Each structure stands twice: as C-alpha cells, then as structure tokens.
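Contents: one structure, followed by commentary.
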Amino acid sequence: MSHPFLLLLHLFLLAACIATAHEESGEWHCDPDDEARIGAQFRPGIVTLDGHADDWADVDDGFDFPLRPALDPDEDNEYKPGKMTLKALHDGADVYFMLQVNGDYLYSKGGNIKEGSIRDIMKYSMALRDKHKCPSLALMFQVGENATYHNMGGCKESPDTCNSTNCRGHEVDIMHFSIGNSIPGRLYGGDSVNGVGQDERIGLVDMYSWNPHCRNIDGNGPSGNDSTAVNNWKGAWWHSSFSTHSGKMHQSSAEVWILKVVIFLKTSFIVRWFIEDDSPYGSAGQKGTYYFEFSRPLRTMDRFQQDAQFSIGQSSRFSAAFWYPADGKPWHGSGHYTVSCDWVPMDVIPAYSTQLKGASGSSWDAAGGFAFVLSIVAFCISIFVGYMVSKNKSVPFTPIDHL
C-alpha cells in the first residue's frame, strides 16, 4: 500500500472523529458566560514554546473556563478534574496560546504514516486508535462572517455539494493536536514541505471546515489541492508529574548537588532532553496537570479563506475543545469537552495599550500609597492636637458685671 493512501486513511479517520465530535442532533439551549473573554497582550520575548507554563505566570487577561460536554453543556456533566486555563499573547508577529487542564497522566503511543502493504491497514488503524488513549486538544476560530460555532461553520450544504462557492462565509479554522506519538517538551508542526496542513510526524493538523461533514486539511478541498498550503501552527505539551523539568534534565538530589558545583566552577553542563526511547515518559495514573503551548503567525499567506487572520487592535472569535480517555477506554469523537457553547472573544491588544495599562497601574499604586501615608499622618496630628487641647485647663468665666 502506497504512502499517499495511508496518508488519506489517516486524514479520513481524523476527520471522521472530528465530524462526529461536532455533529449536533435535536434542539438544545445554552447561555454562554458573558464574562468569558481573553486578551492577547503585547509581551515579546518572554515565552519559550516548550509546553511549560512557568513563563506565563505574569501574563494577565486569561480566563478559567469550565469544561462541559459539547453536545450536552450541563453543569452536572462538567469535567470533574477542574477548569481549563487559557491565556494568549503576541509579539507583533506571532500569537501564542497556553492551555492547562488537570488530568491524570495517560499516554499510549500511536502510529506514524509510512510505507506498507494492504495487510498493514488494520494494524495502522489500531495504532491510530491507540492515540485516542491520550488527551487531545483543538482550537477553532471564526473565519467567515457567517460562520457559527454550532456545526463548525453552519453551512447547510451536504458533503456532495459543499464547496468554497456555496459555503462561502461559513469557514472556520481548526488546529487539532493529538499527543499520541509526540515527545514531551519537543516542538511539532510548522510543516511547509508536503503542501498540506498535516504534520506527518504527529497529529498536529491545520484544517478548515464549513460544517461537520465538509472539512478538509489545509491545501485540500473539493476543487483540488493547493500545493502552496502551509501548516503554520507549532505546538508542544507537558505534564506536571514528569520527573524531568523543562524537558531538559533529570534532577535527582545528587544531580542537583552536581549542578550547583558545575555552576560554581562556571563549566558547561550537558542537559538531557526526553527522547522517543523514554516513552511513555512517566507513570500512568499520576496526578497532575497537562500543559499545551501553541503559536502561529498573526497573518498567514492563505489565499483561500482557510486560515483565521489576526489584526492588532481588533477582536477575533474562537473556541477550544478537549478530549480525555475515561475509564481506560479511548476517547470518541462526540465525547469532547468545550470551553463555551458559543464563540469566545479574543482581543489582540496593541503595545501602547499594554504599556499604558502597566503605567496606569503603577501610577495608581504610587498615588494610592501616598494618599494612605498622608491620611495616617493627618490622623496622628488630629489625635495629638486633641490630646494637647484636653490637657490644658479651661479658663474660668468672669462675669462682666463685676468689672
């Protein structure tokens, strides 16, 4: 079996999962949180894309989203381990996202796309299924002005009739990341070689959609393929239970002592990164938190309305989804959680607004501190004056008639 066929099989299975995930049946009602909103501040040079949240500690304008089933967003069915924290920032060229969500560590290595024969198809399909035993995550952005959160764009056309003409205005941009055959702390994505939005090494996929049945990898579509398509997304992940910090070195007590000596002697130190042979990288069932970091350019060279385009000083609309295997079973398409039952606004904040906010905050703190000190001084003076007045004897009253 040829390599292109296995690639198509992989894309078909992934698309089928995502389609099932977003296909809605029946009427239901949900009121989104009006306060749910994030701001991407201008904060250049503070984030390393390695799957860690340490360098996001001072980034504000994030939001803690409750995770509820996409097809039944009832509070009673919320994701039990906790909320998803989502933050964003930009450096004037790229936009960065950090998502963190609690969850016991689960990892099962999936399969890679490679040459094979017809008898390998079932084996390969099972390998892809193993990837569903790991958490997975997606970001979806409104592209077309008529694109709805519900039904992934909301175009009414069928799979046989949907195209860029009759579904124009219903485009949504989707980034889907499966960690099943990725190494923690390593960077994935950014594939500009194969002419589609698929990173062949891992399930980091750049897609677009008009509805759950009409979605395609960037560069593919009903009218043919575009060889200039690029997967502009880059991503990394981590779990807090790992004994290795920052994806760099194992730190036992002896190694920490050695590291201190090395730093004192100002000599070099060889750090150890996770490699594929370290899989599964940690013990299954360990309590902790998953961290995901992503980036992509604010603007892309997309010519077919397949990518969301971000502008500084303007707002965009997005959503996020999270898949987690329950009870040792692989997750299925319709079993994902979402951060809201409608689009969530994201503001790309200009540099001067961020600086003004910081400056105004600093000046307000200084003014508040000065006013507080002044009020304390005034209070002390009033007490002293009152004490001095009460201490002096009152002057006796002398009637004027005796003068």
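Going by mature numbering (1 follows the signal peptide of the UniProt record, and there is no 0), the letters in the sequence shown line up with residues -21 to -1, 1 to 382, in that order.
C-beta atoms are modelled at their ideal positions from N, C-alpha and C, and glycine is treated no differently.
Model, not experiment: these values are computed from the prediction.
Of the residues D286, I162, A300, H111, the one whose Cα lies closest to the Cα of P259 is I162. By the 16-neighbour rule on beta-carbons within 10 angstroms, C9 is exposed. Assigned with DSSP and collapsed to three states, H149 falls in coil, not helix or strand.
If you compare the alpha carbons of T127, V122, D281, A15 with that of N211, the shortest gap goes to D281. By the criterion of a C-beta distance shorter than 6 Å, P52 is surrounded in its chain by C9, C320, once the five residues flanking it on both sides are discounted. C146 is classed as buried because its beta carbon has at least 16 other beta carbons within 10 Å across all chains shown. Around the Cβ of Y75, a 10 Å sphere holds 16 or more other Cβ atoms; the residue is buried. In terms of Cβ geometry, V209 and L277 do not form a close pair [threshold 9 Å]. Rounded to whole angstroms, F297 and G123 show a C-alpha spacing of 12 Å. Counted as a single uninterrupted DSSP element, the beta strand (DSSP E) harbouring A300 occupies residues 294 to 302. Annotation for H218: the continuous beta strand (DSSP E) segment containing it runs 213 to 218. For the pair of segments examined, the region 348 to 358 was found not to touch the region 28 to 41: the number of CB pairs separated by less than 8 Å stays below three. When only Cα atoms are considered, D29 and A36 end up about 15 Å apart. Cβ contact annotation for R16 (same chain, cutoff 6 Å, sequence separation greater than five): P324, in chain order. The C-alpha of G365 is placed about 17 Å away from the C-alpha of S354. Secondary structure of L183 (DSSP, three-state): strand.
According to the DSSP assignment, Y75 belongs to the beta strand (DSSP E) that extends over 73 to 81. Assigned with DSSP and collapsed to three states, A263 falls in coil, not helix or strand.
Selection L118, Q121, F221 evaluated against G164 yields F221 as nearest (Cα-Cα). The C-beta distance from Y84 to A263 rounds to 6 Å, short enough to meet the 8 Å contact threshold.
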